[in-house]
Amino acid sequence: MQLKLRRVKNAVKERKLRRTPLIATALIVITVALSIVIVEGGFGVLPPNQIRELGRTILINTYNPWNTTLTSYSLNSVSAIIWDYRGIDTLIETTVLFASVVGLSIIFQGIKPKPLGAGKGMSIIAKTTVKLVILLTVAASLSIAVHGHITPGGGFQGGSILAIIASLTIVAYSIGVIFRSGVSLDVLLKIRYLALLTLLLTAITPIVLGLVLNTRAYVLQNMAKEDSVVSMPATFLNTPLAGSIFFFNLIEYIVVSTSIVFIIVLFTLSSKILGSKGE
Amino acid sequence: MDVMVFAFTAIAISFAINIAIAAYGIFTDKSLLKKLISLIIFSDTLAAFAVLIGFRLPSVLSDYPSPPILTNIPESVDYLEEISAKAVDPVPQAFIITAIVINFAVFSFLLGLLLLNYKYFGSVNVSVIEEEAGDEVY
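In the order they appear, the protein sequences are chains A and B.
Numbering of the first sequence is given in my numbering, commencing with residue 56 and proceeding in unit increments.
Numbering of the second sequence is given in my numbering, commencing with residue 34 and proceeding in unit increments.
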């Protein structure tokens, strides 16, 4: 039995050795073929002289008061695609992120934060600098998320910038500081659940409005359509608000920042616990 | 302008080579961590490739493409036509942001599994895991 097993193992090893040059050759062939296609213009001119019709249609309709059925009243067309034209895609993408966080919390469910003492951290110069940077980071990330429909940015970009605070604090101070400030894994997960729920509620708000007003409405509907008068607010105090895009960006900001902070804290804790083999 | 076309073609080919190298790393490297790094390089190269596809080759250098964002509230359809004639394609950019979020979710989960592997086998090397796991692998 043992002999047979060893023979199988050796055969597998030999096959692996033979496989490596084969993979390399295959990849070289693919690369050369792809390069020839690119040079000969098989994909058209790269980059193209004119953008595709879909991109052009979206650019024309992203803020178009003369075509109320297709417009989203968002000056940033990328945000308009993310939360209006392809809103369901982004909603599911957020659930994927949620699934990943839940999966990680299940994998590391045995990890409990120990009562950590005050870490020594870095020098006083670094600590003071981090304090200033944290202040600036909060302001910048919030502005990027809230202005996601007017300027480049959005909920994900703002949220990932905000999450930097966690890694900065862990490096400059210690992980204990994060727990002492009231941010625990449970709290982060609860905020995450709540934010995802709010996201789904925002998506079905037009349906509820439609039921109340006894009119037709659609899930994830942003602006009024030809056959539906239900509309999210297009402006706020003469500033473009882009309806649901603003709300989605704001919720996504919370969702993404809590997710990333959760993952950072979890990995920092687990690196301490997984330090030795076979525990 | 031919120089520009040549340069962009060189960039596109370099992406193809980068994808091949990353794929080679994914298939052949013994370390799971290096496999993951290769996977990240693979996906990031694809994202950069999508940005290139969505870019616009300017007909003259002064006519540099603008971002797909309106800078003023439009007062006529002409302004929208003007923007759409100058801006880069917003669709690949929107796809990439979705891809980045999903990649982040997948990679962080894989990293968690990697840590778990390290916890049980004391290594992330495929050969060591194979030895440690013994007959269970077969």
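Glycine residues also receive a C-beta, built at the ideal position from the N, C-alpha and C atoms.
Residue-chain proximity (residue i, chain A), Cβ-Cβ < 7 Å
i	result
residue 145/B	yes
residue 141/B	yes
residue 74/B	no
residue 83/B	no
residue 39/B	no
residue 36/B	no
residue 65/B	no
residue 57/B	yes
residue 161/B	no
residue 95/B	no
Euclidean distance between Cα positions of residue i and residue j
i	j	result
residue 135/A	residue 92/B	28 Å
residue 98/B	residue 296/A	26 Å
residue 195/A	residue 311/A	16 Å
residue 332/A	residue 177/A	Because the pLDDT at residue 332/A is just 46, under 50, the model does not fix this residue reliably, and the point stays unresolved.
residue 278/A	residue 228/A	47 Å
residue 166/B	residue 149/B	14 Å
residue 147/A	residue 83/A	36 Å
residue 35/B	residue 94/B	12 Å
residue 144/B	residue 163/A	12 Å
residue 98/A	residue 139/B	30 Å
residue 211/A	residue 304/A	8 Å
residue 152/B	residue 106/A	50 Å
Chain-order list of residues whose beta-carbon lies under 6 Å from that of residue i (same chain, five-residue window excluded)
i	result
residue 281/A	124
residue 153/A	251
residue 114/A	132
Cβ shell of residue i (< 7 Å), same chain only, five flanking positions each side left out
i	result
residue 205/A	130, 131, 295
residue 87/B	121, 122, 124, 125, 126
residue 137/A	145, 209
residue 222/A	319
residue 189/A	220, 223
Rounded Cβ spacing between residue i and residue j (contact assumed at less than 8 Å)
i	j	result
residue 128/B	residue 101/A	Incorrect: roughly 17 Å between the Cβ atoms, too far for contact.
residue 250/A	residue 150/A	With a Cβ gap of about 12 Å, residue 250/A and residue 150/A do not count as contacting.
residue 200/A	residue 308/A	4 Å
residue 243/A	residue 316/A	6 Å
Cβ shell of residue i (< 8 Å), same chain only, five flanking positions each side left out
i	result
residue 62/B	68, 71
residue 66/B	147, 157
residue 289/A	128, 278, 295, 296, 297, 298
residue 93/A	101
residue 268/A	284, 285
Interface flag, residue i vs chain B, CB-CB below 7 Å
i	result
residue 158/A	yes
residue 404/A	The requested residue 404/A does not occur in the structure, where chain A is confined to residues 56 to 334.
residue 76/A	no
residue 118/A	yes
residue 332/A	Its pLDDT being 46, under 50, residue 332/A is placed unreliably by the model, and the measurement read from it follows with that caveat. Interface residue, yes.
residue 132/A	yes
residue 275/A	no
residue 95/A	no
residue 111/A	yes
Below-7 Å beta-carbon distance, residue i vs any chain C residue
i	result
residue 166/B	Reference to chain C is not applicable here, since the protein chains of this structure are A and B.
Any non-hydrogen atom of the ligand HEM within 6 Å of residue i CB
i	result
residue 103/A	Here there are no bound small molecules, and the ligand HEM is not part of this structure.
Are the segment 104 to 116 of chain B and the segment 72 to 79 of chain B touching, with three or more C-beta to C-beta distances below 8 Å?
Taking 8 Å as the limit for Cβ pairs, the verdict is that the segment 72 to 79 of chain B does not touch the segment 104 to 116 of chain B.
For the pair the segment 104 to 124 of chain A and the segment 104 to 113 of chain B, tell me if three or more CB-CB distances fall below 8 Å.
yes
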